[in-house]
Amino acid sequence: MIDQLYRKAVLTVAGQKTIENAVRARGWGMAQRFVAGETPQTAIQAVHDLKKDGIMANLDLLGEFIESPAQCTQFADNVITMLDAAHADGITPYVSIKLSSVGQGKTEGGEDLGLTNARRIIRRAREYGGFVCLDMEDHPRVDQTLAQFRTLVGEFGGQHVGTVLQSYLYRTEKDRASLDDLKPNLRIVKGAYLEPETVAYPQKADVDAAYRRLVYAHMGAGNYVNVATHDESIIHDVQMYALAHGISKDAFEFQMLYGIRRDLQRNLAAAGYRVRAYIPYGRDWYPYFSRRIAETPRNAMFVLRGMLKG
Ligand code: FDA
1 MIDQLYRKAV
11 LTVAGQKTIE
21 NAVRARGWGM
31 AQRFVAGETP
41 QTAIQAVHDL
51 KKDGIMANLD
61 LLGEFIESPA
71 QCTQFADNVI
81 TMLDAAHADG
91 ITPYVSIKLS
101 SVGQGKTEGG
111 EDLGLTNARR
121 IIRRAREYGG
131 FVCLDMEDHP
141 RVDQTLAQFR
151 TLVGEFGGQH
161 VGTVLQSYLY
171 RTEKDRASLD
181 DLKPNLRIVK
191 GAYLEPETVA
201 YPQKADVDAA
211 YRRLVYAHMG
221 AGNYVNVATH
231 DESIIHDVQM
241 YALAHGISKD
251 AFEFQMLYGI
261 RRDLQRNLAA
271 AGYRVRAYIP
281 YGRDWYPYFS
291 RRIAETPRNA
301 MFVLRGMLKG
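Residues 1 to 310 in this note's numbering are what the sequence shown lists, from first letter to last.
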C-alpha cells in the first residue's frame, strides 16, 4: 500500500510541467546513471562496457506516446538505424520497443501502424540474427499487444520476437497460459504503470507471489524466461527452483535495468548466470527517468542529493 502511494505521489508530481521543466534543465547528469546517453553510439559504448563484465545488453530507444503517424514511422526508422549501427559494430542486436511508439492504435493502409512498423524492425533484426522484445505498457494496451505478438511470432518465429507480462495484473496468469502453444520467450516483470485496483493487485505481497508463480509456470512448461527484477529474494528463489527442477542456466536469464544493482548484475554473471541489462538511450528520457524514481525512495534520494549539489 505504501509502495503504491509513493509511486502514485511521484508519478503525479513528475507529471507536472513545471517539475518536468526543472528536472529536464538540471537532471540530465543524474539521469545518466539510468540512461546511456542520447545517441546510438553512446548506447553501443555501454554495450561494450557491460560485455567486459559478461553482461549482455538490451537496447531501448526512449520515446513514449509519440503523436503523429509520421513521428511513429520516424521512430521505427531510428530503431532500425540503431540495429544497423549495432550490427556494423559487431554486436548481435537485441532491442526492446514499445508498440505505442511505433504507431499501435493508429491505422494506416488498412493495418495497425504499430504492427507494420514492428514488422519492419523485426525483419531487420532477424537479418542480423537479433531479437526484438515488445515491452508491455499500461493495461488498455495488453490485448492488442498480445494479439500482435501472436501475429509476429507466426511470421518471424519465436527466436526473433518476445514480449512481456506484468505480474501486478490479475489477468496475467491466464494470459501466460494462453500463449503456451507458441513456446514464447517472455520477460516477466512486476509492472511499472499506475494501475487501478480493478485490474491490478494493490498489495505488493500479491504482486510478488504472482511473479513467482508466473516464472515457475513458464519455466516448468519448458519455455525460455527472462526474469526481469532486482528483487534478490525472488532471484534467489528462481535459482533454487531451477536447481531443484534440473533447469540449466542457459534456459533462462536475469534482466535488470541499466545502472541499477550493478553489483548484483556482476555477481550473477560471475556465477555463470545469463544476465542482460536493459539499456535505455535517447533524448526523450524524462518519462523513463520518472518511473525509475517512482520505484524506490532510494532513487529519489539519489536525485535530490545530486540536485542539491547543484
Ligand atoms: P521491486 O520494486 O519489488 O524491488 C525489489 C528490490 O529492488 C528493492 O530492494 C528495490 O529497492 C530494488 N529496486 C527496484 N527498482 C529499483 C530501482 N529503480 N532503483 C534501485 N533499486 C531498485 N515494466 C513494465 O510495466 N513493462 C515492461 O516492459 C518492463 N520492462 C522491464 C525490463 C526490465 C529488464 C526490468 C528490470 C524491468 C522492466 N519493467 C517493465 C519494470 C518493472 O515492471 C518494475 O517496475 C521494476 O523492475 C521494479 O520492480 P522489481 O521487480 O525490481 O521489484
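The beta-carbon is built from N, C-alpha and C at its ideal position, and this holds for glycine as well.
Residue closest to residue i, alpha-carbon to alpha-carbon, out of the options
i	options	result
Y273	W285, M256, Y286 and Y288	M256
A277	P202, E111 and A46	A46
G15	A221, P69, S290 and R187	S290
S248	V225, D175 and V161	V225
I122	K8, E155 and L243	E155
I97	A125, Y6 and K106	A125
D138	G110, G109 and Y193	Y193
P287	T198, D143, L5 and W28	W28
A57	C72, H245, I66 and A36	A36
G66	D284, T296 and I293	For the sequence presented, residue 66 should be read as Ile rather than Gly. The candidate whose alpha carbon is nearest that of I66 is D284.
L62	V199, V142, D231 and A31	A31
H236	L268, G259 and R261	L268
K312	R187, A86, A271 and R266	For the chain, the structure presents residues 1 to 310; residue 312 sits outside this window and is missing.
R187	Y201, L146 and A200	L146
G157	L59, K183 and K8	K183
Y281	G90, K8, C72 and V95	V95
V132	Q159, R141, K106 and E111	Q159
F34	V275, P297 and R261	R261
E195	P140, V227 and A88	P140
E253	G114, H48, V189 and Q71	V189
N185	A209, L134 and K204	L134
A251	S233, V227, G259 and Y258	V227
beta-carbon residue i near the ligand FDA non-hydrogen atom, thresh 7 Å
i	result
T296	yes
V275	no
Q203	no
G114	no
Y278	yes
A43	no
M30	no
Y224	no
R313	Past the edges of the chain, shown from 1 to 310, lies residue 313, and the structure says nothing about it.
D231	yes
D143	no
Q166	yes
M82	no
V189	yes
R292	yes
L56	Note that residue 56 is Met in the sequence shown here, rather than Leu. Outside the cutoff, so no.
Y94	no
L257	yes
M136	yes
A88	no
Y193	yes
A9	no
A228	yes
Whole-Å CB distance - residue i paired with residue j, under 8 Å assumed
i	j	result
T116	M136	With a Cβ gap of about 20 Å, T116 and M136 do not count as contacting.
N191	Y168	For the sequence presented, residue 191 should be read as Gly rather than Asn. Indeed, because the Cβ distance is near 4 Å, the residues count as touching under 8 Å.
T229	Y211	7 Å
T172	Y128	No, T172 and Y128 are not in contact; Cβ-Cβ is about 31 Å, not under 8 Å.
P69	E108	6 Å
A242	V10	Rounded, the Cβ-Cβ distance is 34 Å, inconsistent with contact.
A270	G54	7 Å
Y6	P297	7 Å
Chain D contact for residue i (CB, 8 Å cutoff)
i	result
Y193	Of the protein chains in the structure, only one exists, and it is not chain D.
**Item:** Contained alpha helix (DSSP H) runs [length at least 4] in the region 240-277, N- to C-terminal order
**Value:** Counting only unbroken stretches of 4 or more residues, the alpha helix (DSSP H) elements lying wholly within the region 240-277 are 262-270, in sequence order.
**Asked** Would the region 61-76 and the region 101-119 be scored as touching if the rule is three or more Cβ pairs under 8 Å?
**Response** Segment contact: the region 61-76 against the region 101-119, three or more CB-CB distances shorter than 8 Å; contact assigned.
**Asked** In chain order, which beta strand (DSSP E) runs of at least 3 residues are fully inside the region 174-226?
**Response** Runs of beta strand (DSSP E) with 3 or more residues, each lying fully within the region 174-226, are found at 186-189, listed in chain order.
**Message:** List, from N- to C-terminal side, the alpha helix (DSSP H) runs of 4 residues or more that fit wholly inside the region 127-178.
**Reply:** Entirely contained in the region 127-178, the alpha helix (DSSP H) runs reaching 4 residues are, in chain order, 142-156.
**Stretch-stretch touch, CB-based, cutoff 8 Å, three pairs: the region 208-217 with the region 174-191** = By the Cβ criterion, the region 208-217 is in contact with the region 174-191, since at least three pairs of Cβ atoms, one from each stretch, lie closer than 8 Å.
**Message:** So, does the region 28-48 touch the region 81-90, judging by three or more C-beta pairs under 8 Å?
**Reply:** The answer is yes - the region 81-90 touches the region 28-48, with three or more Cβ pairs under 8 Å.
**Item:** At least three beta-carbon pairs within less than 8 Å, the region 141-155 to the region 179-199
**Value:** The region 179-199 and the region 141-155 touch, with three or more beta-carbon pairs separated by less than 8 Å.
**Message:** Just to confirm the assignment: which complete beta strand (DSSP E) runs, minimum length 3, are found wholly within the region 46-102?
**Reply:** As far as the region 46-102 is concerned, its whole beta strand (DSSP E) runs of at least 3 residues are 56-61 and 94-97.
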